[in-house]
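Undergrad:
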Amino acid sequence: MYFDALTMAAVAHELRETILGGRVQKVLQPDDLSIGLEVYAGRQRHYLLASAHPQHCRVHLTQTRPRRGVEAPSPLLLLLRKYARGGRISAVVQPPWERILQLELDHPLGMSTLIVEVMGRHSNIILVDATGEVMDAIKRVTPEMTRVRVVLPHRPYAPPPPLAKLALSDLTEHRLRRTLAAAQDAPLWRALLGGLRGMSPLLAREIACRALGDAEAPVSAVDSLSS
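Letter 122 of the sequence shown, counting from 1, is numbered 126 in our numbering, and no numbers are missing.
1. According to the Cβ coordinates, are Ile23 and His50 closer than 8 Å?
2. Excluding the 5 residues flanking Arg209 on each side, which residues of the same chain have their C-beta closer than 8 Å to its C-beta?
3. Taking the alpha-carbon positions, what's the Ile142 to Arg85 distance?
4. Give the straight-line distance between the Cα atoms of Ser224 and Asp133, rounded to the nearest whole angstrom.
5. Classify Pro147 as buried or exposed, calling it buried when 16 or more other Cβ atoms lie within 10 Å of its own Cβ.
6. For Arg49, which three-state DSSP category applies?
7. Which one or two residues does DSSP pair with Thr117 in a beta bridge?
8. How should Leu107 be labelled, buried or exposed, when 16 other C-beta atoms within 10 angstroms of its C-beta is the threshold for buried?
9. What did DSSP end up calling His64 once you bin it into helix, strand or coil?
10. Considering only C-alpha positions, which residue in the set Asn128, Leu216, Leu53 is nearest to Pro191?
11. Do you know offhand how far Arg159's Cα is from Arg153's?
12. Could you compute how far the alpha carbon of Gly25 sits from the alpha carbon of Ala45?
13. With a CB to CB cut of under 8 Å and the five nearest residues on each side skipped, what residues in its chain are close to Leu167?
14. Excluding sequence positions up to five away, which residues of its chain have a Cβ less than 6 Å from the Cβ of Arg20?
15. Measuring alpha carbon to alpha carbon, tell me which residue in Thr150, Met139, Arg89 is nearest His126.
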């Protein structure tokens, strides 16, 4: 399943309706790349699972309680037990058209933010303090690994660089035609995927199939359809 920005928006909406204002009762680590939270809100327990797995990255509520799956707790898990457990979720934020979810945590020891970045092999789960400094991450990214964006404790948190694409909220017919024209003879779904933020391959193929009857139809078929 593709976890695109629209999916993230739906998840963020669901979390605001269910766990916003709730208290984090337990923090677990099901595997090396996942974190589970038990949140008490609305007089019931809710279970949140976040994974930075490169092929199965996601964040969502689950009906079953996440189970501990690692023998030794990771540094991130230890920090979450200290700064998240017993705290309240004061805000659920999705930066516009990003596959990023931010859970703001109000804890007696101070405010912090748990950031889940669902971005394929670049996915990560990061805890940031009130000053914007990284406390730790489920995947530390060193300068030797990349020159684009380092994710290490005591470094300022920097969000992933934005893509040079048109946001769906800013879409007009003129802008869409200009985006498609730049793609020349590419399949329509690839043109949509390459030019619009918040678009996944699955959604782009579905749009092409419904509009033109063929998921692999070229961009030129759009003009013939409107003529």
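A virtual CB, placed ideally from N, CA and C, is assigned to each residue, including glycine.
TA: On the basis of the supplied data:
1. yes
2. Trp193, Ala219
3. 14 Å
4. 50 Å
5. exposed
6. strand
7. Glu108, Val132
8. buried
9. strand
10. Leu216
11. 11 Å
12. 7 Å
13. Arg201
14. Val96
15. Thr150
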